[in-house]
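To start, the structure under review is shown below, and the notes come after it.
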Amino acid sequence: ALFAVALTPPALPAAAQGEYTCQGTALVDDGLSSAAMGLTRGEIDALYGAGNATQTGWLWEFQGFDLIQTNCDLIVSIDPASSFADPAQAASLVRTLLPEDAESAGSWQFGTLQSPPQDAELWISTQLDNRLETLNEPYLGQVLALYTYDGDAYNPGHVIRVELRVAPLPGQ
């Protein structure tokens, strides 16, 4: 009986059960306060219901937009007829998806007169940085939000897509 106790591995804490990656099923208890960015697939499932597997990741459908998790990135596809297609509403939606401690580090516009315009914002989150380190993911707690419109440089139109991309660690 003594050998059985000595050889029995300790039970893993709840945070370590499940696959411990961005697209894993682990529920991580590390204080990250986020509606989506930085959460594992299991945590997003727990908040919004089970996602659907796609060729590029996991999909959750909401009224007015779809959310796809691809590795540690999020892609938001916006219905042009929804209120989220308005640039201010799209920016508000993005802010709700980021960790609560995320701070804006700047924004800029780019594109050509012949192509749909794109806006970009850089966000920095210490909570996200800590989470990605916990998950042993090769990324920093910096998020580039890239907005794509359905118009042109003269008439940007509606936001139809927002990519939330985490920055890779230097040398990755």
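Under this note's numbering, the final residue of the sequence shown carries the number 1647; numbering is consecutive throughout.
No residue lacks a Cβ here, since even glycine has one placed at the ideal position from N, Cα and C.
(request) Keeping to the same chain, check which residues put their C-beta closer than 6 Å to that of Q1498; ignore five residues upstream and five downstream. (result) Within the sequence shown, the letter at position 23 stands for residue 1498. Closer than 6 Å at Cβ, skipping near neighbours: R1516.
(request) State buried or exposed for E1494, treating a residue as buried only when at least 16 other CB atoms are found within 10 Å of its CB. (result) Locating residue 1494 in the sequence shown gives position 19, where the first residue counts as 1. Its Cβ having fewer than 16 others within 10 Å, E1494 is exposed.
(request) Could you tell me if Y1622 is buried or exposed, where buried requires 16 or more neighbouring beta carbons within 10 angstroms of its beta carbon? (result) Residue 1622 sits at position 147 when you count from the first residue of the sequence shown. Of the residues assessed, Y1622 falls on the buried side of the cut-off, its CB having 16 or more other CB atoms within 10 angstroms.
(request) Can you give me the Cβ contacts of R1640 inside the same chain, cut-off strictly under 6 Å, excluding the 5 residues immediately before and after it? (result) The residue given as residue 1640 occupies position 165 in the sequence shown. Result list for R1640: D1548 and L1619, in chain order.
(request) Compare the Cα-Cα distances from Q1617 to each of P1562, M1512, N1527 and F1585 and report the closest residue. (result) Position 142 of the sequence shown, counting from 1, holds the residue named residue 1617. Among P1562, M1512, N1527 and F1585, the Cα nearest to that of Q1617 is on M1512.
(request) Would you tell me roughly how many angstroms separate the C-alpha atoms of T1531 and N1630, rounded to the nearest one? (result) Within the sequence shown, numbered from 1, the residue matching residue 1531 stands at position 56. Within the sequence shown, numbered from 1, the residue matching residue 1630 stands at position 155. The straight-line gap from Cα to Cα measures roughly 31 Å.
(message) Checking the sheet assignment: what are the DSSP bridge partners for N1527?
(response) The residue labelled residue 1527 in the question sits at position 52 within the sequence shown. In DSSP, N1527 forms a bridge with L1534.
(request) Give me the Cβ distance between G1526 and L1514, rounded to the nearest whole Å; I'm assuming they're in contact under 8 Å. (result) The sequence position of residue 1526 within the sequence shown is 51, counting from 1. The sequence position of residue 1514 within the sequence shown is 39, counting from 1. Their Cβ separation, rounded to whole angstroms, is 11 Å, which puts G1526 and L1514 out of contact at 8 Å.
(message) Cutting at 6 Å between CB atoms, please list the residues of its own chain near L1573, excluding the five before and the five after it.
(response) Start at 1 with the first residue of the sequence shown, and residue 1573 comes out as number 98. Contacts found: M1512 and W1598.
(request) Rounded to whole angstroms, what's the CA-CA distance from G1581 to A1528? Just pull it up for me. (result) Counting from 1 along the sequence shown, the entry for residue 1581 is found at position 106. Counting from 1 along the sequence shown, the entry for residue 1528 is found at position 53. Cα-Cα distance, rounded: 34 Å.
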